Amino acid sequence: MHEEAVKSTGIRWIRYDEQARTLDVAYVNSGEYRYFDVEPEVYAWLSKVESKGRFVNRLVKEKYRYERLNAEPTSSEQSDLEQLLRDSLHSPPGTES
Numbered sequence: 514m515h516e517e518a519v520k521s522t523g524i525r526w527i528r529y530d531e532q533a534r535t536l537d538v539a540y541v542n543s544g545e546y547r548y549f550d551v552e553p554e555v556y557a558w559l560s561k562v563e564s565k566g567r568f569v570n571r572l573v574k575e576k577y578r579y580e581r582l583n584a585e586p587t588s589s590e591q592s593d594l595e596q597l598l599r600d601s602l603h604s605p606p607g608t609e610s
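The working numbering applies: residue 514 is where the sequence shown begins, and numbers increase by one.
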């Protein structure tokens, strides 16, 4: 796995796993994302280009499937989870669904 800090106003670091063919990008303002099925050549180009942010915006974001790595639960998801936990504490044993 190759990880490198980058000189970019929008990206903190990039990491590439050649075996898994995943590219991780840590954005300054929007968190960390993993892009799937990224060819080694794309990572090689990304490593060499001067504007990493422009490259990712034009050639990675819209082309590859991705997931957010450090996603925080939304307030509604957090509320739903808290309510489920409260409900489970008040349910008689054996009645959980």
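Ideal Cβ placement from N, Cα and C applies to all residues, glycine included.
Since the structure is predicted, the reported quantities are computational estimates derived from the model, not experimental observations.
Asked	Found
Quick check on residue 536: does DSSP put it in helix, strand or coil?	strand
Do residue 523 and residue 541 have their C-beta atoms within less than 9 Å of each other?	yes
Just the C-alpha distance for residue 569 and residue 535, rounded to the nearest angstrom, thanks.	14 Å
Can you pull the DSSP bridge partners for residue 526?	518 and 539
Could you please give me the residues that DSSP links to residue 580 through a beta bridge?	547
Buried or exposed, going by whether 16 or more other CB atoms sit within 10 Å of the CB of residue 521?	buried
Do residue 580 and residue 529 have their C-beta atoms closer together than 9 Å?	no
Indicate the three-state DSSP secondary structure (helix, strand or coil) for residue 561 in the structure shown.	helix
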